[in-house]
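Trainee:
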Amino acid sequence: MAAPALAITSAPAHRDTIDRPWYLSRHKCTYCAGQGRVVSDGQIKDCACVHRAVFDIVMRRVEMVHKGYRLPSVARRPRRGGFAMLDQELAADVHLIARRTLDARDFTVYVLACEHGVTWRVGCQLTRLDRGNWFHRVYSLQRRLG
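First residue of the sequence shown? That's 0 in numbering that gives the first Met the number 0, and the numbers climb one at a time after it.
This is the structure in structure tokens:
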């Protein structure tokens, strides 16, 4: 039997984490019991705790960009005369994805909680939400954006 024309010799490094969602899941999660997967409508899906973990990782990187830290990046191939602001592009991409994905009220909560880092007391006053709805929206947008 002939070998396939394109044979993948090794999977990318990030693929290892994607195939094992328990790596990012909370061990105290009551829905997935730390496994990272749940059965919903007869299908196996990633748990919301995994999505929140991905969101937290991305937002930590964006926070480092806003504070002025340079994130390590690896040049995959040699270039001549190329210039890119990869750190700032990451922060801008996250902001634009949030704007495109969330409705107006959730986007306001995202900007206040995630980009400006306001406390829930100030956020509740600015958005006129009570504490429970504030945290519900924050957790919901973390799940959706993760």
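Heads up, the beta-carbon is just placed ideally off N, CA and C, and yes, glycines get one too.
Going by the beta-carbon positions, is the gap between Arg25 and Gln141 smaller than 8 Å?
Mentor: no
Trainee: Answer yes or no: do Val108 and Gly131 have a C-beta to C-beta separation smaller than 8 Å?
Mentor: Note that the C-beta distance between Val108 and Gly131 is not below 8 Å.
Trainee: Got a sec? Which residues, its chain only, sit under 7 Å from Phe106 by beta carbon, not counting five neighbours each side?
Mentor: If we look at Phe106 and ignore the five residues flanking it on each side, its Cβ neighbours are Ala97, Arg98.
Trainee: Using the beta-carbon count (16 or more within 10 Å), is Ala47 buried or exposed?
Mentor: buried
Trainee: In chain order, what are the residue ranges of uninterrupted alpha helix (DSSP H) at least 4 long that sit wholly in the stretch 22-77?
Mentor: Complete alpha helix (DSSP H) runs here, min 4: 47-66.
Trainee: Using the C-alpha atoms, what's the distance from Asp40 back to Tyr68?
Mentor: 43 Å
Trainee: Determine the direct distance from the alpha carbon of Val49 to that of Met58, and round the result to whole angstroms.
Mentor: 14 Å
Trainee: Do Val53 and Gly145 have their beta-carbon atoms positioned less than 8 Å apart in this structure?
Mentor: yes
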